[in-house]
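Peer 1: Residue numbers (this note's numbering), protein chains in the order written: chain A, 1 to 416; chain B, 417 to 736.
Here a beta-carbon is modelled for each residue, glycine too, at the ideal position from N, C-alpha and C.
Sharing a structure, written as structure tokens. Questions coming.
Right, dumping it as structure tokens:
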């Protein structure tokens, strides 16, 4: 019996060894070299499915536009682009696996970033290991830039910087508000926004008299905000996603609390905000990094307005700033390729050069100026503030790009 | 043909197959260099190890544990904190993570294992959710800056894929090894007795509570170690990610598919589900969840004992 077992073990091992050796002969990577293959992993299902699909659309708009002109123009020849993408199911480990697949299995020439900080964290660690530059327009958590990575870039500013415009807007108010309350949901992006508020309040002469992070699952916003109301701050700054912003506005009305300024880190820029709140959405201020009326202009898409029109014609909806940032990421990578005269297939040393070029670049695009700091975040991009005015999202700050002056103070609920 | 010889034959084939599989997997990276393939297999090993842990406790005792992810998450956090805040190297962090998970599991097990059926399931589920909240709030409660709250913890960029391939391979082997021991030991016999008739087992003199706590603790010990490897592998962890109920659900489904309370059940289940998911998602991005659901439903309906259980009863059928 024992002999049989040993014999079995050996036979099994041999068959396996033969199978394994035959595997090495498998042909791989024999791909046409006359185009740029650009890969990305992004959430198409799961909790970030909707937002991730927006990022995919943003990359596809760019690819269609570039291919419509025959491809990327490098040294007098045009090379079309092909997008290779997968659904990371909103899961970090899947995102990392897919980026590895894109690099080692699909052998893409270049990468673009996905959506959501956790996913991008995992994915960019793989990109860093293989020295593939990864520019994203869908993740802005500060920690992404604090790892000392050389190959990760973002066209968005850091989450804490994004809300600067929302606090600076008090400069346009007379008399100047003196006190602020900061509340926000305790998840990565929104809590970083709250940190940003806290950072920019003192330089604007605001004293923070209340600071509170609450669980995202909080249902009773009224009690939380009554606490704030009792302290009577001049300004209410909210670290929010869309649902948090909507719930806050509803609760403010119910408890009849009207600070002189109510600002959100995210939410009012999404059309659903006005759709759900109707007239009650008026006067809400929100952070944004881009709006279609900004006076920006650059290669590929032309002006911000032209980009907006192209996008709206194609998908039947106006792009939000995350989509603009994602398209801009693709544009910036394209410009770097053209500057260096890199043609497909892109080699390892080309990608190292590309990374170095990205740090050197300072370009104007439809999305605004893009210049990457030493940590990979976009440092040239000014945070803007929008306000809901007559049901429209209007750019109100800073003054040099504003469509209309901000309507402040926030009108008391009883006088509306 | 006598039963003894038939059993001997099965044994013989099984040994040959396991030997071949082990050798194949150990040598595979030498022949197959693709980073993606390695990562995929690393993931398969991780699921084999995780569902193996669940099988160890729930498969053998019949106590449905809905909170194993708690110990996985504790392992993730222990390694992350030891490596980033205390400067302890990875290799030393892993056993400490395993111990941390086990030392929390013992009192929790002592309390929850008095409960049976749905009550035990709900208690363990609640514990895992509570752990998630505790880690989110810990820093604020204690006024420290160690756990990172919702910001999570970033780990240093790890070594090569090969390192994690062999680490997860070792984790899967360790889980299998413990399961093998359970399968043939008196301890395992006691666990099965608990599953079949706990009260009777108690009357015959088995200290069922001590046995259950031991199984629970062993499972948590292994889960803690696997969590530690995962944290270093993925480089970034948050409470939402590593205490996610989806991880528990995957462990349960994989074990159910493969066969509860069998040695190879979790292996077959983890391998099957990971590969099927991998094959389907690329082609049917939006429909694959439905397809996976249908496959799981079909297996549960037509093979209530899982793939291994069905194979076993088929071979028994063929012999008789």
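Name the chain A residues whose beta carbon is nearer than 9 Å to that of residue 555 of chain B?
Peer 2: In chain order: nothing, as chain A lies at least about 11 Å away.
Peer 1: What first and last residue would you give for the alpha helix (DSSP H) that runs through residue 99 of chain A?
Peer 2: 92–100 is the extent of the alpha helix (DSSP H) around residue 99 of chain A.
Peer 1: Does the region 113–130 of chain A touch the region 302–318 of chain A, meaning 3 or more C-beta pairs lie closer than 8 Å?
Peer 2: No contact exists between the region 302–318 of chain A and the region 113–130 of chain A.
Peer 1: Considering residue 334 of chain A, what are the terminal residues of the alpha helix (DSSP H) in which it resides?
Peer 2: Looking at the DSSP string, the run of the alpha helix (DSSP H) that includes residue 334 of chain A is 321–340.
Peer 1: Helix, strand or coil for residue 134 of chain A, going by three-state DSSP, please let me know.
Peer 2: Strand.
Peer 1: Would you call the CB atoms of residue 245 of chain A and residue 163 of chain A closer than 7 Å?
Peer 2: Cβ distance not < 7 Å, so residue 245 of chain A and residue 163 of chain A don't count as in contact.
Peer 1: Using a Cβ-Cβ cut-off of 8 Å (strictly less than) and excluding sequence neighbours within five positions of residue 171 of chain A, which residues of its own chain qualify?
Peer 2: 204.
Peer 1: Scan the region 460–520 of chain B and note each continuous beta strand (DSSP E) run of 3 residues or more that stays entirely inside, going in chain order.
Peer 2: You should have found no qualifying run.
Peer 1: Using a Cβ cut-off of 8 Å, pull out every chain A residue sitting near residue 705 of chain B, in sequence order please.
Peer 2: Per Cβ cutoff of 8 Å: 45.
Peer 1: Taking only beta carbons into account, state which residues of the region 96–107 of chain A come closer than 7 Å to chain B, listed in chain order.
Peer 2: Within the region 96–107 of chain A, the qualifying residues are 96, 97, 100, 101, 103, 104, 105.
Peer 1: Which residues in chain B have a C-beta closer than 8 Å to the C-beta of residue 351 of chain A? List them in chain order.
Peer 2: Correct list: empty, because the minimum Cβ distance to chain B is about 16 Å.
Peer 1: Between B:466, B:729, B:723, which has its C-alpha nearest residue 658 of chain B's C-alpha?
Peer 2: When only C-alpha atoms are compared, the closest one is B:466.
Peer 1: Is it right to say residue 683 of chain B is buried, meaning 16 or more other beta carbons lie within 10 angstroms of its own, or is it exposed?
Peer 2: Classification for residue 683 of chain B: buried.
Peer 1: So is residue 178 of chain A buried or exposed if we call it buried at 16+ other beta carbons inside 10 Å?
Peer 2: That one is exposed.
Peer 1: Measure from the alpha carbon of residue 90 of chain A to the alpha carbon of each residue in A:384, A:266, A:76, A:41, then state which is nearest.
Peer 2: It is A:41.
Peer 1: According to a CB-to-CB cut-off of less than 8 Å, which residues of the region 699–723 of chain B neighbour chain A?
Peer 2: Against chain A - using a Cβ distance shorter than 8 Å - the residues of the region 699–723 of chain B are 701, 702, 705.
Peer 1: For residue 387 of chain A, does the count of other Cβ atoms within 10 angstroms reach 16, so buried, or fall short, so exposed?
Peer 2: Buried, because 16 or more other Cβ atoms sit within 10 Å of the Cβ of residue 387 of chain A.
Peer 1: Determine the burial state of residue 549 of chain B: buried for a count of at least 16 other Cβ atoms within 10 Å of its Cβ, exposed for fewer.
Peer 2: Classification of residue 549 of chain B: exposed, given that the 10 Å Cβ count is below 16.
Peer 1: Can you pull out the residues from the region 448–466 of chain B whose beta carbon lies closer than 7 Å to at least one beta carbon of chain A?
Peer 2: Listed by position, the residues of the region 448–466 of chain B near chain A (Cβ gap below 7 Å) are 448, 450, 451, 452, 455, 456, 459.
Peer 1: Leaving aside the five residues before and after residue 145 of chain A along the sequence, list all residues of the same chain whose C-beta is less than 6 Å from its C-beta, in chain order.
Peer 2: Taken in chain order, the residues that qualify are 375, 376, 377.
Peer 1: For residue 154 of chain A, name the three-state secondary structure that DSSP assigns.
Peer 2: DSSP places residue 154 of chain A in strand when its eight states are reduced to three.
Peer 1: If you draw a straight line from the C-alpha of residue 523 of chain B to the C-alpha of residue 269 of chain A, how long is it?
Peer 2: Straight-line Cα distance between these residues: approximately 49 Å.
Peer 1: Would you report the Cα separation of residue 534 of chain B and residue 527 of chain B, rounded to the nearest angstrom?
Peer 2: Taking the straight line joining both Cα atoms gives about 15 Å.
Peer 1: Quick one: any contact between the region 648–665 of chain B and the region 554–568 of chain B, if contact means 3 or more CB pairs under 8 Å?
Peer 2: Flag = yes, the region 648–665 of chain B and the region 554–568 of chain B touch.
Peer 1: So with CB distances below 9 Å, who are the chain A contacts of residue 495 of chain B?
Peer 2: Those within 9 Å of residue 495 of chain B in chain A number zero; the least Cβ separation is about 16 Å.
Peer 1: Counting only C-beta atoms, is residue 372 of chain A closer than 7 Å to chain B at any point?
Peer 2: No, because no Cβ of chain B sits closer than 7 Å to the Cβ of residue 372 of chain A.
Peer 1: On the three-state DSSP scale, how would you describe residue 431 of chain B?
Peer 2: If DSSP states are grouped into helix, strand and coil, residue 431 of chain B belongs with the helices.
Peer 1: May I ask you to report which of helix, strand or coil DSSP gives residue 258 of chain A?
Peer 2: Coil, per DSSP.
Peer 1: Give me, in chain order, the residues of the same chain whose beta-carbon lies closer than 7 Å to that of residue 109 of chain A; leave out the 5 immediate sequence neighbours on both sides.
Peer 2: 36, 37, 38, 344, 345, 346, listed in sequence order.
Peer 1: Any beta carbon from chain B within less than 7 Å of residue 386 of chain A's own beta carbon?
Peer 2: Cβ-Cβ to chain B under 7 Å: no for residue 386 of chain A.
Peer 1: Give the residues from the region 177–193 of chain A that approach chain B closer than 7 Å (Cβ to any Cβ), ordered along the chain.
Peer 2: So the close ones are 186, 187, 188, 191.
Peer 1: What number of angstroms, rounded off, separates the C-alpha of residue 647 of chain B from the C-alpha of residue 238 of chain A?
Peer 2: Using only the alpha carbons, I get a separation of about 32 Å.
Peer 1: Which chain B residues are close to residue 444 of chain A, counting only those with a beta carbon under 8 Å from its beta carbon?
Peer 2: No answer is possible for residue 444 of chain A: the residues shown for chain A start at 1 and end at 416.
Peer 1: Residue 410 of chain A by DSSP, collapsed to three states: which one?
Peer 2: Residue 410 of chain A falls in the coil class under three-state DSSP.
Peer 1: Along the region 69–97 of chain A, where does the CB come closer than 7 Å to a CB of chain B? Name the residues.
Peer 2: Under the 7 Å Cβ criterion, the region 69–97 of chain A contributes 86, 87, 92, 93, 96, 97.
Peer 1: Please report how far the alpha carbon of residue 730 of chain B lies from the alpha carbon of residue 722 of chain B, in whole angstroms.
Peer 2: C-alpha separation (whole angstroms): 12 Å.
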